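Residue numbers for the sequence shown follow the working numbering, so the first one is 706 and each next one is one higher. We put the beta carbon where it would ideally sit given N, CA and C, even for glycine. Here the structure is a predicted model, which is why all the values come from computation and not from measurement.
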Amino acid sequence: MATHSGHPIRFVPPAKADPYYEVHLSRTGEVHTRAKNWHDLFNALAWLSFPKAKARLNAMHAAQIPKEAGSRGRLRDMLTLFDEGGAILACANPELEALIRQHRWKELFWKRRSSVLADLRIHVLGHALLEMALRPRPGLTCKVIFIGPQEAPDAAAAHWLDAHDASGTTRDLASLPVFGYPGWLPGIVEAAFYDDQRYFRPCRRSVAAVQ
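Okay, structure coming up:
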């Protein structure tokens, strides 16, 4: 496990506040990790589970920061959103992917729940999302990319990031109200749960198909 620049990853106590955290990490391999902190624990677990994708995220951040003059651009907005609240969806049924992109949540999670359980696997990368999942609630949404059912999630996510290195924006990520996944939030026993548009919002725009 190493940064894209080849430095071995080490989890170290934060020495001081660092406005260029990603640059420091890229140059040293040091992941600042606070003791007894859920957010940082889940970040460390994400590094252990998705070392290629995390290294690619860090490298892209580090490459962009010197170009931004202190103002985060669209690419880093996408990287941050995926790193903090992202997931990798291994989907064996293109119809399910279409339902997600079209925000047809009731059809997806209720009418097609057996297919969702059989053909859709969610690999959570986002450490902030994992922290929020400690207290699951309606409204918890993640940003996702799609991969094939036989692809290795870590390598596939790193490849996806490579493909979006120059022009990626938050529009390249699909939304998924993850709390609606069958069995994820206890107590969902009726179809009407998925009619609440405060949480299961209809589609306002199309999400570009992932190449």
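Around the C-beta of N742, fewer than 16 other C-beta atoms lie within 10 Å, and the residue is accordingly described as exposed. For secondary structure counted as the alpha helix (DSSP H) over 4 or more consecutive residues, the stretch 822-892 holds these complete runs in sequence order: 832-837 and 858-868. The residue from R817, G790, E895 and G885 with its alpha-carbon nearest to that of T875 is G790. With contacts defined by Cβ atoms closer than 8 Å, Y886 and V829 do not form a contacting pair. Contact check for W810 against F905 passes: the beta carbons are separated by less than 8 Å. For G711, the number of other beta carbons within 10 angstroms of its own is below 16, and it is reported as exposed. Comparing alpha-carbon positions, the option among P841, K757 and V717 lying closest to R739 turns out to be V717.
As computed with DSSP, P713 is found in a beta bridge with A707.
If you ignore the 5 residues before and after I827, its C-beta comes within less than 7 Å of the C-beta of A792, L794, V883 and Y886, all in its own chain and listed in chain order. When secondary structure is reduced to three states using DSSP, G791 falls in the strand class.
Between the C-alpha atoms of A862 and I850 there is a straight-line separation of about 8 Å. If you draw a straight line from the Cα of H737 to the Cα of R715, it is about 9 Å long. A distance below 6 Å between beta-carbons, with the five flanking residues on each side excluded, links F755 to the following residues of its chain, in chain order: L830 and D859. Rounded to the nearest whole angstrom, the C-alpha separation of S880 and D870 is 20 Å. Distance between A760 and D788, taken at the CA atoms: about 11 Å. Note on geometry: alpha-carbon atoms of S731 and R840 lie some 32 Å from one another.
Distances from the alpha-carbon of F814 to those of K721, R903 and I893 put I893 closest. Straight-line spacing of the CA atoms in H709 and N763 works out to 8 Å.
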